[in-house]
Amino acid sequence: MGTLHDGAKNAVEVCMGVKHGEHVLIVTDKSTITVGKALRRAAERVTPSVEMYVLEDHGNRPMQNLPKEIESAIPEANVTFWATESRKGELETLRRPFMKIALKYARHGHMPSVKRRLMEEGMCSDYRQIAKLTEKLYETVKDAEKIDVKNPAGTNLNVELNPEWKWVKSDGIYHEKGRWGNLPEGELFTAVAESNGRIVIDELGDWFSDRYGCLTKPESDSNTPVYIDVESSRVNLNTLDCANSRLRRELIEYLKTDENSSRAGELALPTNVELMMKPLIGNLLQDEKARVHLAFGSPYPDETGADWNSKTHVDGLMKKCSVWVDGRKIMEADRYLI
26 MGTLHDGAKN AVEVCMGVKH GEHVLIVTDK STITVGKALR RAAERVTPSV
76 EMYVLEDHGN RPMQNLPKEI ESAIPEANVT FWATESRKGE LETLRRPFMK
126 IALKYARHGH MPSVKRRLME EGMCSDYRQI AKLTEKLYET VKDAEKIDVK
176 NPAGTNLNVE LNPEWKWVKS DGIYHEKGRW GNLPEGELFT AVAESNGRIV
226 IDELGDWFSD RYGCLTKPES DSNTPVYIDV ESSRVNLNTL DCANSRLRRE
276 LIEYLKTDEN SSRAGELALP TNVELMMKPL IGNLLQDEKA RVHLAFGSPY
326 PDETGADWNS KTHVDGLMKK CSVWVDGRKI MEADRYLI
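Going left to right, the sequence shown walks through residues 26 to 363 as the working numbering numbers them.
Here it is in structure tokens:
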């Protein structure tokens, strides 16, 4: 475990490779401003051209549009950071519009709902080692046709892959314009062609992570995993189950947002080994780099090459997974065998 300063320095110098003379744009908010300020200090040690915006200075949350002042500042940037709390609805109205513009001009570090703890843990990981493992895993799965995932909680998922759709290496090293990743980083993902089976979710993504955290804490008497049956890549909403009735209702509503919100979109394998050895902390941004997950909604078509999209994207993390690639076991109980 490192410090806030160490994590910010790693993000600026190692992950984003900021150089002297480059312009860095940071967007933060009141709840994450400690991280925003740390990123600004780290960037200012490298380059004098650093600009930071606090969302609440430009309107009320959740926001329905990207503030004009921020939008007009993006084209001047070489590196951008988005370090704000996730709010319901802002994925489509705020975060995606920002990224769409940013990636035309800059490389981008995306940090939704980042907290100080993440800077001290996940952002202090050895990203050069993460890059090596991500590359090794990529060589193992790049030509795979089928992946099976099982765990003791009841997950039994079969995923078929499209050979024309790409695996994307999210290794935390983003030094070229147009590249981006979620920091802290460490995963390899692709789009799902076809999937069937059951998954038992220990943590959900998007704004569900902020509201509910880890759904299966060992020390808690109110464990509320989400049980999802996937049939022909679609969530069976009739059998979706969770002991928390509010969460169940909100998730079903989310999965009905558009025609593809309930479609399995992304399969991701974690590559941040340092985090994989630790318990989930209830923050999706870090935890998704430590566990296998299946996401419903957008398959990130601009990166994977998938031929469909969705307004939404919600990850479902699963603990203690074993994974088979075309029949070869590569992971057992969250530990790689390769």
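Where a beta carbon is used, it is the ideal one built from N, C-alpha and C, also for glycine.
(message) If you follow the beta strand (DSSP E) that arginine 132 is in, where does it begin and where does it stop?
(response) 132-135
(message) Taking the alpha carbon of aspartate 196 as the reference point, which residue from Ala36, Lys125 and Val139 has its own alpha carbon closest?
(response) Nearest of Ala36, Lys125 and Val139 to aspartate 196, Cα basis: Ala36.
(message) Please classify glutamine 89 as buried or exposed, where buried requires at least 16 other C-beta atoms within 10 Å of its C-beta.
(response) exposed
(request) Could I get the ranges of all uninterrupted beta strand (DSSP E) runs contained in the segment 214-241, with 3 residues as the minimum, in chain order? (result) 219-226
(request) Please report how far the alpha carbon of alanine 102 lies from the alpha carbon of glutamate 76, in whole angstroms. (result) 9 Å
(request) Sort Val104, Lys125 and Leu50 by Cα distance to aspartate 327 and report the nearest one. (result) Lys125
(request) Within the same chain, show all residues whose beta-carbon is closer than 7 Å to that of valine 8, passing over the 5 residues directly before and after it, in chain order. (result) Residue 8 is absent from the structure shown; the chain starts at 26 and stops at 363.
(message) If I measure Cβ to Cβ from alanine 169 and keep anything under 7 Å in the same chain, skipping five residues before and after, which residues do I get?
(response) Leu186, Val350 and Asp351
(request) Would you mind sorting serine 257 into buried or exposed? The rule is 16 or more other CB atoms within 10 Å of its CB. (result) exposed
(request) Compute the Euclidean distance between the alpha carbons of threonine 180 and glutamate 115, then round it to the nearest angstrom. (result) Here the C-alpha atom of threonine 180 lies approximately 30 Å from the C-alpha atom of glutamate 115.
(request) Determine the DSSP secondary structure at tyrosine 252, reduced to helix, strand or coil. (result) Collapsing the DSSP output to three states places tyrosine 252 in a strand.
(request) Report yes or no: do three or more beta-carbon pairs, one from the segment 202-216 and one from the segment 228-242, lie closer than 8 Å? (result) Because the criterion of three Cβ pairs below 8 Å is not met, the segment 202-216 and the segment 228-242 do not touch.
(message) Helix, strand or coil, according to DSSP, for isoleucine 198 in the structure here?
(response) Under the three-state reduction of DSSP, isoleucine 198 is assigned to coil, being neither helix nor strand.
(request) State the DSSP-derived secondary structure class of glutamate 76, mapped to helix, strand or coil. (result) strand
(message) Starting from glutamate 110, trace the alpha helix (DSSP H) in both directions and tell me its first and last residue.
(response) Membership of glutamate 110 in any alpha helix (DSSP H) is not indicated, and neither H nor E is assigned to it by DSSP.
(request) With a threshold of 16 other CB atoms inside 10 Å of the CB of arginine 316, please say whether the residue is buried or exposed. (result) buried
(request) Provide the residue span of the alpha helix (DSSP H) that contains lysine 191, from first to last. (result) Counting along the chain, lysine 191 falls outside any alpha helix (DSSP H), and DSSP gives it neither H nor E.
(message) Rounded to the nearest angstrom, what separates alanine 293 and lysine 314 at their Cα positions?
(response) 9 Å
(message) Which complete beta strand (DSSP E) runs does the segment 119-174 hold, if anything under 3 residues is left out?
(response) 132-135
(request) Could you check which residue in Leu119, Trp107, Lys62 and Thr264 has the C-alpha nearest to that of glycine 84? (result) For the options Leu119, Trp107, Lys62 and Thr264, the alpha carbon positioned closest to that of glycine 84 is the one of Leu119.
(request) Below 7 Å CB to CB, which residues in the same chain sit around methionine 301 once its five sequence neighbours on both sides are set aside? (result) Pro295, Ala315 and Asp359
(message) Threshold first: 4 residues or longer. Then list the alpha helix (DSSP H) segments lying entirely within the segment 245-311, N to C.
(response) 270-280 and 298-301
(request) Would you mind stating whether asparagine 176 and valine 225 have Cβ atoms separated by less than 8 Å? (result) Going by C-beta atoms, asparagine 176 is nearer than 8 Å to valine 225.
(message) On a Cα-Cα basis, can you pick out the residue from Gly238, Arg353 and Tyr361 that is closest to aspartate 340?
(response) Gly238
(request) Let me know the secondary structure DSSP gives asparagine 176 once reduced to three states. (result) coil
(request) Determine the direct distance from the alpha carbon of serine 323 to that of asparagine 334, and round the result to whole angstroms. (result) The straight-line gap separating the alpha-carbon atoms of asparagine 334 and serine 323 is approximately 5 Å.
(message) Quick check on DSSP: helix, strand or coil for alanine 33?
(response) helix
(message) Going by the DSSP bridge assignment, what does isoleucine 355 pair with across the sheet?
(response) According to DSSP, which records beta bridges pairwise, isoleucine 355 is partnered with nothing at all.
(request) Can you give me the start and stop residues for the beta strand (DSSP E) that alanine 331 sits inside? (result) Neither: alanine 331 is in no beta strand (DSSP E) and is coded neither H nor E.
(request) Please say whether isoleucine 155 and asparagine 261 have beta carbons closer to each other than 8 Å? (result) no
(message) If you measure between the beta carbons of threonine 165 and tryptophan 192, is that distance less than 8 Å?
(response) no
(message) Nearest by alpha-carbon distance to cysteine 346: which of Asp254, Lys34 and Asp173 is it?
(response) Asp173
(message) Within 8 Å, do at least three Cβ pairs link the segment 126-136 to the segment 273-282?
(response) no
(request) Mark lysine 194 as exposed unless 16 or more other C-beta atoms lie within 10 angstroms of its C-beta, in which case mark it buried. (result) buried
(message) Which same chain residues end up closer than 8 Å to methionine 26 when comparing Cβ atoms and leaving out the 5 residues on each side of it in sequence?
(response) Glu145, Glu146 and Cys149
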